[in-house]
Structures are given as C-alpha cells and as structure tokens.
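According to the working numbering, numbering within the sequence shown proceeds without interruption in unit steps and concludes at 656.
Ideal Cβ placement from N, Cα and C applies to all residues, glycine included.
In this text the structure is predicted, and so the values were computed from the model without any measurement.
Take a look at the structure below.
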Amino acid sequence: MEEKRRGILKSVVIYAIILAGIFLVIHMLGSPAKKSDPIRLTYNELLDWVESDLKVDRGLSGGNETHTIQSVIIVENELVGARNGSKTALSTSDYDFRCTLPSQERFYDDVKSVYEKVLGETVSPTEYTFTFAAQNPETVGWWVELIPIIVMVVMFALMMLFIMRAQSAGPNKGAASFIHGRTKLTDPSKNVVRYGDVAGADEEKEELKEVVDFLKAPEKYTKVGARIPKGVLLIGPPGTGKTLLAKAVAGEAGVPFFTISGSEFMEMYVGVGASRVRDLFDQAKRNAPSIIFIDEIDAIGRQRGTGLGGSHDEREQTLNQLLVEMDGFTPNAGVIVMAATNRSDILDPALLRPGRFDRQVLVNYPDVKGREEILKVHSRGKPLAKNVDLHLIAVITPYFTGADLANVMNEAALLTARTNQTEITMDTIEESINRVSMGLQKKSHVIPPNDKKLVAYHEAGHAIVAYVIPECERVQEITTIPRGMAGGYTKYMPDESTRYITSARLRARIASAMGGLCAEKLVFGDVTTGSTGDIKQATNTARAMVTEYGMSDLGPIFLSGDHEIFLGKNFQQTSAGLSEEMNRQVDQQVHKLLDEGEQRATSILTENRAKLDAIVGVLMEKEHINREEFEAFMEDRPYNPERAEALRFHPDAPKPQAPAPEEA
Ligand code: ADP
Ligand code: MG
Ligand code: ZN
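Right under this line is the structure:
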C-alpha cells in the first residue's frame, strides 16, 4: 500500500513538472511577442517627457500635450516605463519605453531641477521620488507573473492525485461507499414512530404484532421451534401508510431499520443493484435484530422473463441477489425483510414462495372509522375549534387515504395561519378537503355518488349470487371502498379443505363473477365498463374448463398450448395447431358456459331483488359489510357480534341456523 502510494506521488510530481515546463515555455515564447516594440529614449528626451508629464498633471500645459508617463521602474541604471493607458501592470519584461540613465542620483537631481523650473519653487524629494519610486526589480515582475501558473500546476497535481487515488482504491471500494450512501439507516433511538401513529389499521397492525414480538424477544419463538416469516410484504395503494407501518414495527420493536427504495436499486451502473442488495443484508445482519425495508419492491421484483424487447439484465441480477440473500440467512437470524408495493400482481412468483415474502399484509383504503382515527392522529397538537366534528369529516371524505387525510389537516393548519386565525374551524377543513380532492380527482379515485350506488349494486350482486349458490366460496366482506383499479370489492374466503376444484364450483364462480354485471343490468337497465375484470376472469375460467379440464360437451380433451412466456404470460390464449372447426367448437362451449352463468346470476338476483336493494342501502351508508352482517341479513336473523368475531379467525364457525340453499 505504502509502496503504491509512493509510486503515485512520483508520477504526479513528474506530471506536474512537465506541465510547469510547458507553461513556462509558452510564457517565454509568448511574452516578447506581446510587446509592441518599446521606444528607446535618450536621456534628454526622457527629461522632456518628465517635464511635459508634470505640466499636464498640474494643468500647466497649453492644452496640447498629452499625459505620457504612467509608471516607471528603475533597475540600477536602466529605466523602463509604461505610457499612459497602455497597460495596467508594468513589468521589467514588458514595457513601452526605456532609457539608460547616467546614474540614479543624477537622474533624481535632474528631475528635481525640472520640478523646480516648472513649479517655480523648491520641492522636497518625496514629491518627485514618489512618482518614480523604484520597486525591487529583481523579484517582483517575475514572481507576480508566476503565481497563476503555480496555482494552476498545484491544482492540476491535486486533481491527478485525487483521480489516481480513486483508481487505486479500486472500483469495489468506490461502489461500496456509493451503496452505503444510499441505504438509509434509522437509529432505533431516533425512530419515534409507534403503533399509536398508525391509525385505523387495526387488522394490519394485528398481523404485524407477531413480527414485533419476535424482534423483541426471539427466544420465546425459537424455544418452541417456531419459524418466523423472513419476509413480510405490505400491499396497498399509495399513501395508505405502508411505509409508516413498517417504521412503526421497527419503532415498537426498538431495532435498527434499513430502508431502500426499489427504484434506487436500478440507477446507473450495471451490477451495482446486486452489490447493494448484498451490502444491505450484510449491514442488517451485523446489526441484528433489525428490519430491512424495501419500498416499491415492484421496481426490482417484476416477473422475470416477461419483458418485451430484450431482458432487463440489471433487474434480474438484483432480483436474483435478493432471492439468494433471503434464502441465505437462517429463518431466525433476527433480520426481517419488509417490503411494500402497490402492484403485487406483477411481482415475480419466486418472491412470494415460502421462506421469502410468505406473509402478505393488505393495507387498504381506510373506512369511515379508520378515517376518523387517522384524522385524530393528524390533529394532534393542532388547535381545533369547538365546532370541528372529525366524524363528520370522515363521513365526507370517502376514498381518502391516510396520506390524503394528513394532507387535509396540514392544509387546514396552513390556511388557518395564513388567514391569521387561532383555531382550525370546520370551514377551513372543508376548504382544504376541496383543495386536496382536486388533486385526488386527477388521481381519479374520487367517485361521484351515482357511481357509488352503481358500485354498491355491483358488489352486492356478486355477494348475493355467491351466497345463494352452495358451491361458491363464502363471502368474507363486501366493500365499496376502492382498491387499485376496482371501485369496490367482494372478498371471498378461500376454501382450503381440498386442492381439487369441481366443475360445479367453477360454474358457480362464473355465475358469481357475472353477479356484478347482472345486478347493474337488472337495476339500471344497462351495463358499464366496470365489469371488464369480472368478464375476463369468467372467460378465462370457462376457457380452461373447455380446453384443459375436460369439463364441457367436448369431453376430456386437452386443447391448450403451452403458455408462451416470452411475450408476457398467457399472451396467446388460443393455441396454434387447432383446426378451425375445433376452434369454433371451443368458442361455442365457452360461450355456453358464460351464458349459463349469466342466466343463473340474473335469476338469483331477480328472486332476491329486495335483499339486493337492502344491502345496497347499508353499503351506501357504511361502505363496508362483514360476513356475519351479510349472512344475518340474508337469513333474516339478528346480527350476532360474537359470531362476527369468531368468523374473523375461524371461517367455519357454525351458522346460528342453517337455511336450505335456494338453488343448487
Ligand atoms: P405508503 O407508503 O403506503 O405510500 P406512507 O406510509 O408513506 O404511505 O404514508 C404517507 C403519510 O400518510 C404518512 O407519513 C402519514 O402521515 C400518513 N398516513 C398514512 N396512513 C396513515 C395511518 N393509517 N395513520 C396515520 N397516518 C397515516
Ligand atoms: Mg411508501
Ligand atoms: Zn365485479
């Protein structure tokens, strides 16, 4: 190392010397060329110049003479000088005129005589020597001129030294500091975010409690041989508090929190992404127990092998490294990887496999109650007027995320200050809601009341069809709070009692998928564009039944091509190699299944029209119905809160009374 450094120094010095030489040569060659031939004066001429110069100075000239001498330098018997206006700095190598003096004493005596003759009085030496003060000639001229050159050479040398040192340190070292620079470490003592700061996300917090608990006291879990999830994926629309939640988990557990954003992996140099991942995990392991938080993981975690127009090698390398690292540490090493995304649909399935992000937490738009709690959190420390009713604000802000609500309260505080008020009033808050929702409209998730009604009918349609058909999965919740592209959704409880799905169940699925569209048609007499997803899902199911599962009139026959992966999954639904006749028959069968589903849904909804309307009434008010509420409604029995609680954790809790299904 020492050896190497000396070598560098040596070459820098050599470079500097060469450069200095070049500058000097240029300077020497350049200087004489600049001179506009100096005038050689006789001694008497010089004295004449001195005289006329003095006259001009004192205003004694007839008005014709010009001021000739600007400054002079006397070196022994040589005098050099600059004429007026010719140059700003006189030097011994660059002058306008010169003259050889008999001697300096003689010159000063003669100048004195000239002065006394012109002014008609005796003058003190200070008066004339002042003008011609000889500067120290040997040094000044040369050194003053050398200064800029020296500065340049030194700067150049420093620059070279810097570059060479960076090079000798090697690319790895440079990259490492680069990586360190991007990973943000939040010191546990500085992380003040707690569960209390995340409002209205009770279920999400509940799901993450285990993680906090484990980070606090890992022994409790390791002792009984429990395997804690290595990765927790937070899925939800932007602004719903995913980052906040991850921070709160770290804050509650009191552990270091490493954050990096997925998009930051993807910057600049190839290969940096992978080494960043490696570095991130190294740091986290060194600080275990700790949390790694990868925000916007979809930026790296996209499905591999599906890009059009060449693969994205950098991303694949980064993703592969992430998978390697996640597999590389033992489950209870004390490092938990959290990640957030709003596009879980495009994530590579490898990321979601057991041992990786096997725990998924849906972070959703808050409901009325959640919104009220979020508003409470964000009005902490803000002086609210007496008339402010946070519940009412929650009611009038459907589809606002936590971030939006935080924004509303902040905007209200700003407005209050700007208008010199002392308290935040209801009017101010309403005004800021308008401001924030202007932004929301651009983001296109404010839904007009008419649309809300439509969404309510659509979702209730799905739910009722699913309820009536016994083979359908149980409805877990219905909500008109939008998620992603959907205006609302109906959540089903997956039936995990068997891996094999009967054709009856698939038909039931098609029918319940049609439920939304059929309800729209029944109630409004027309359908909207909101059912694309449902139709697509139903069509895919029907096609698979015909071409893969042998569940149509065509009988057991496999007609589907292998999925083409290179253009994106399932790009080609119909496989090549089918005869035209066969294709026609497949289409016919698919249509038949879809028609059956639609008819079934329509007849169920027609029969249950009263219930449909009633459920929509509740949805319009509460935005959200849980399973027990829904079933109590359908069964005309009172709501049973205990069962509602039981159902949350045991989907098979018995019904208070089992009504016979209306249709098979
Ligand atoms: P995401 O990561 O889901 O896009 P963030 O966690 O960055 O959202 O949330 C942005 C801001 O919105 C937070 O800093 C917080 O002020 C506010 N916020 C979001 N959700 C909540 C919540 N549930 N409770 C309190 N504040 C919230
Ligand atoms: Mg975020
Ligand atoms: Zn639907």
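Item to check | CB-CB length for Ile61 against Asp45, believed under 8 Å | outcome: 5 Å
Item to check | Residue list, Cβ distance to the ligand ZN heavy atoms smaller than 5 Å | outcome: Gly508 and Asp526
Item to check | Chain-ordered list of residues that sit, by beta carbon, closer than 6 Å to a heavy atom of the ligand MG | outcome: Lys234, Thr235, Asp287 and Ala332
Item to check | Cβ neighbour criterion (16 or more within 10 Å) applied to Lys212 | outcome: exposed
Item to check | Beta-carbon contacts of Asp102 that lie in its chain and below 7 Å, excluding the five residues immediately before and after | outcome: Leu39
Checklist entry - Expressed to the nearest angstrom, what Euclidean distance is found between the alpha-carbon atoms of Tyr391 and Ala342? => result 33 Å
Item to check | CA nearest to the CA of Leu586, picked from Ser544, Tyr484 and Ser83 | outcome: Ser544
Item to check | CA-to-CA distance, Tyr100 to Cys91, given in whole angstroms | outcome: 14 Å
Item to check | As assigned by DSSP and simplified to three states, the class of Ala496 | outcome: helix
Next on the checklist: Could you pull the DSSP bridge partners for Cys91 from this structure?
Outcome noted: Leu71
Next on the checklist: Can you tell me whether Gly293 sits near the ligand ADP, meaning its C-beta is under 8 Å from at least one heavy atom of the ligand?
Outcome noted: no
Checklist entry - DSSP beta-bridge partners for Phe330? => result The sequence shown places Met at residue 330, rather than the Phe named in the question. In DSSP, Met330 forms a bridge with Val224 and Phe285.
Next on the checklist: Does the distance between the C-beta of Ala404 and the nearest non-hydrogen atom of the ligand ADP fall short of 8 Å?
Outcome noted: no
Next on the checklist: Starting from Val353, trace the beta strand (DSSP E) in both directions and tell me its first and last residue.
Outcome noted: Arg351 to Leu354
Item to check | Opening and closing residue of the beta strand (DSSP E) in which Arg466 lies | outcome: Arg466 to Thr471
Item to check | Beta-carbon gap between Ala193 and Pro358 smaller than 9 Å | outcome: yes
Item to check | In DSSP terms, what His664 is bridged to | outcome: There is simply no residue 664 to check, as the chain begins at -7 and stops at 656 in what is shown.
Item to check | Closer than 8 Å: Pro210 CB and nearest the ligand ADP heavy atom | outcome: no
Item to check | Three-state class that DSSP yields for Lys528 in the structure shown | outcome: helix
Next on the checklist: Assuming Tyr187 is part of the beta strand (DSSP E), what are its boundary residues?
Outcome noted: Where Tyr187 is concerned, there is no enclosing beta strand (DSSP E), given that its DSSP letter is neither H nor E.
Next on the checklist: Can you check which of these residues, Ile292, Glu137, Gly508 and Ser504, is closest to Ser85 by C-alpha distance?
Outcome noted: Glu137
Item to check | Buried/exposed call for Ser424, threshold 16 Cβ in 10 Å | outcome: buried
Next on the checklist: According to DSSP, simplified to helix, strand and coil, what is Leu311?
Outcome noted: helix
Checklist entry - In terms of residues, what are the limits of the beta strand (DSSP E) holding Thr34? => result Unbroken run through Thr34: none, as it is neither H nor E.
Item to check | Close beta carbons around Glu657, own chain, < 8 Å, minus the five adjacent residues each side | outcome: The question about residue 657 has no answer here: the residues shown for the chain are numbered -7 through 656.
Checklist entry - In its own chain, which residues sit with a C-beta less than 8 Å from the C-beta of Met485, not counting the 5 before and 5 after it? => result Glu465, Arg466, Val467, Gln468, Arg619 and Pro643
Checklist entry - Identify the residues that DSSP records as bridge partners of Met485: which are they? => result Arg466
Next on the checklist: Just checking Ala530 against the ligand ADP - is the residue's beta carbon closer than 8 Å to any of the ligand's heavy atoms?
Outcome noted: no
Next on the checklist: Quick check: is any heavy atom of the ligand GDP less than 8 Å from the C-beta of Ala458?
Outcome noted: As far as ligands go, the structure on display features the ligand ADP, the ligand MG and the ligand ZN and does not contain the ligand GDP.
Next on the checklist: At a threshold of 8 Å, does Glu365 count as lining the ligand ADP (C-beta to nearest heavy atom)?
Outcome noted: yes
Next on the checklist: I'd like to know whether the C-beta atoms of Ile549 and Ile461 end up nearer to each other than 9 Å.
Outcome noted: no
Item to check | Per-residue DSSP class, three states only, for Ser504 | outcome: helix
Checklist entry - Is Thr414 buried or exposed, if buried means 16 or more other CB atoms sit within 10 Å of its CB? => result exposed
Checklist entry - Just curious, the beta strand (DSSP E) that Thr251 is in, first and last residue? => result Phe249 to Ser253
Item to check | CB-CB length for Gly362 against Asp319, believed under 8 Å | outcome: Not a contact, Cβ separation roughly 36 Å.
Checklist entry - What is the rounded straight-line gap between the Cα of Ala74 and the Cα of Ile6? => result 39 Å
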